[in-house]
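Below is one structure; the comments refer to it alone.
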Amino acid sequence: MEQSVWQTRWVIGCFFSLVLVAFFLPISESLTDISYLMAFACAVVSGVAWTYRLELIKHPVIIVLLLLLAMIVSGLTYSGTFGNAHTWKLLKTYLWVLATPFLLLAIRDDQQRRVIFHAFLWANALILCVSFGKLIAGWLGGYQANPCVFRGHIIHNFFMSFASAIWLYLAIKRPQYRRWMVGLFILSTLNVFLVTSRTGYLNWFVLVALVMVCELSWRRCLILGAALVSLVGGFIMLSPMFLQRMDKAVTEVVQHVDNKDPIAHPTSMGIRVVQLTSGWHLFMQKPWLGYGTGGAPQAFSAFHAKTPNERYVYDRGDIRTDLTYINVAVEHGILGLTILLAFILTLWCVACRLPAEWRRIAQCFVVAYFVAAIFTAFLISSFAVHALSMMLVVLYGGYQYSNDQDFVSGSEQPVST
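Quick note: the sequence shown, position 319, residue 335 per the working numbering, numbers continuous.
What follows is the structure, given as structure tokens:
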């Protein structure tokens with residue numbers, strides 16, 4: 017269906033706004049928020065939702081997004097927290113569920129989606145250079161520099177581990193860029209293990225294993241695996257950050273299990289264990305529909321806090337658990353978990369039917385996002401949902417629900433620069 021000149025101009029505005037979103041994602045939360053709202057506004061004003069209205073009930077990703085939206089709205093009817101300031105703050109973080117279908121319908125051109133993805137990779141390459149610049153300056157100056165540049169350690173390592181896996185994939189699939197991609201992969205791997213985010217470590221191992229198993233023969237997979245073990249081992253010897261973080265995680269869990277939590281302060285793993293055990297107890301009390309959208313704070317406040325970890329979880333009025341699946345289970349019960357599972361499976365199944373250009377990248381992102389969601393609130397964290405929305409547009413914006421076979425066998429274009 018042809019777009020009018022007026023629509024085309026607004027779609028171009030949406031496109032440039034999403035390029036800014038992709039570039040600012042690992043750099044600035046405020047600039048990302050502004051760019052995302054601009055993209056959403058342009059997509060709405062363009063009228064593409066009406067032009068392609070039939071896809072609202074045919075595009076599989078849009079369908080599951082509408083299911084998520086229905087779950088959130090219906091949860092407001094029985095949570096009893098509609099007038100709560102925390103609930104309104106939570107609803108603002110769910111804006112991505114409403115905005116993404118408009119963006120998916122607006123950004124359909126393959127070249128536009130490639131440019132958006134390039135902007136994301138270039139931003140991570142820039143951050144990689146600045147990060148090592150900080151580390152070298154610290155080494156020359158005799159002090160220990162923080163390798164994180166613009167954002168916190170979880171955000172930095174989530175994006176860097178994903179970019180690292182993509183650079184490995186491009187090194188395998190794009191011989192013309194192999195030297196550059198191998199260099200970026202090695203440097204980004206070192207950077208991941210210099211940062212204190214355990215989520216980033218887990219993501220890196222899972223994604224690299226996925227790329228190797230799917231793209232290499234078993235012999236080459238074993239050879240590259242042995243090389244990576246040696247490489248990572250060398251990095252760990254240069255920087256003991258990985259071993260320190262793993263040892264700290266084990267210590268904090270053991271302390272909590274033995275009722276020996278530190279008296280002075282909460283611990284990262286202790287908080288998550290409390291959220292897991294308390295969340296499971298709340299889930300068993302209301303297993304089918306949960307406590308409703310925004311109902312988690314009131315539900316958790318019913319517990320009596322004895323330790324710093326429990327006070328951190330129970331006594332905060334704006335509590336949101338760091339465990340995405342527990343958060344969904346508490347607020348939306350089995351219904352919410354079923355819809356979330358349908359969302360994940362839909363993204364994976366559609367990813368498997370994408371053209372060769374995007375297929376593996378989409379699979380890597382789905383795995384990266386929902387593995388990281390085990391330990392982080394990735395459906396209500398601003399940086400995470402903006403990344404999810406942007407990548408859904410990049411990966412699924414050109415998906416054709418009809419004639420899938422022709423779409424899968426389409427020509428492959430390089431996504432690297």
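Built from N, CA and C at the ideal position, the CB exists for glycine as well.
Short check: CB of residue i to CB of residue j, under 8 Å?
i	j	result
Glu347	Tyr385	no
Gly216	Asn173	yes
Val35	Ala135	yes
Arg327	Ala318	no
Pro76	Thr362	yes
Phe258	Asn219	no
His281	Ser213	no
Arg129	Val344	no
Phe118	Val60	yes
Going straight from the alpha carbon of residue i to that of residue j, what length do you get?
i	j	result
Phe381	Met176	12 Å
Gly154	Gln192	35 Å
Glu45	Leu203	25 Å
Ile350	Trp296	12 Å
Tyr415	Ile377	14 Å
Ile73	Met87	17 Å
Gln421	Leu111	Residue confidence for Gln421 is low, a pLDDT of 41 falling below 50, so the modelled location carries little weight; the figure read from the coordinates is stated next. Going by the C-alpha atoms only, they are around 33 Å apart.
Gln314	Ala38	36 Å
Leu184	Met197	7 Å
Thr337	Tyr330	10 Å
Val146	Asp49	23 Å
Gly310	Phe209	36 Å
Ile132	Arg261	34 Å
Leu292	Ile342	7 Å
Ser418	Ala187	Low confidence applies to Ser418: its pLDDT is 42, below 50, so where it sits in the model is not reliable enough to give any reading.
Leu114	Leu84	9 Å
Trp234	Val383	21 Å
Leu120	Ile78	8 Å
Gly96	Cys30	37 Å
Phe40	Val211	20 Å
Cys164	Leu226	26 Å
My assumption, with CB atoms under 8 Å, is that residue i sits in contact with residue j. Please give the rounded CB distance.
i	j	result
Ala388	Arg375	Contact flag wrong, Cβ pair sits at about 21 Å.
Pro42	Ala139	5 Å
Phe399	Ile171	5 Å
Phe299	Thr340	Rounded, the Cβ-Cβ distance is 14 Å, inconsistent with contact.
Glu268	Ser294	Not a contact, Cβ separation roughly 17 Å.
Gln23	Val64	6 Å
Kindly list the residues whose CB is nearer than 6 Å to the CB of residue i, restricted to its own chain and excluding five residues on each side of it in sequence; keep chain order.
i	result
Arg124	Gly413 and Gly414
Thr205	Ser180
Thr116	Leu81, Ser405 and Leu408
Asp277	Gln271, Gly286, Thr323 and Asn325
Leu223	Ala181, Cys380 and Ala384
Excluding five sequence neighbours on each side, which residues of the same chain lie with their C-beta closer than 8 Å to the C-beta of residue i?
i	result
Gly241	Met228
Ile182	Leu137, Ile377 and Cys380
Thr93	Gly308
Residues in the same chain with beta-carbon distance under 7 Å from residue i, minus the five sequence neighbours each way, listed in chain order, please.
i	result
Ser33	Ser51, Met54, Ala55 and Cys58
Trp304	Gly349, Ile350 and Leu351
request  = Tell me the start and end of each unbroken alpha helix (DSSP H) in the segment 254-301 that is at least 4 residues and wholly inside, in chain order.
outcome  = For the segment 254-301, the full-length alpha helix (DSSP H) segments reaching 4 residues or more read 257-273 and 284-301 along the chain.
request  = Please go through the segment 308-387 and give each complete alpha helix (DSSP H) segment of 4 or more residues, from N-terminal end onward.
outcome  = Within the segment 308-387, the complete alpha helix (DSSP H) runs of at least 4 residues are 312-316, 324-330 and 340-367.
message = Please give me, in chain order, every unbroken run of the alpha helix (DSSP H) with length at least 4 that falls completely inside the segment 42-127.
response = Listed in chain order, they are 45-62, 64-67, 76-95, 101-109 and 111-122.
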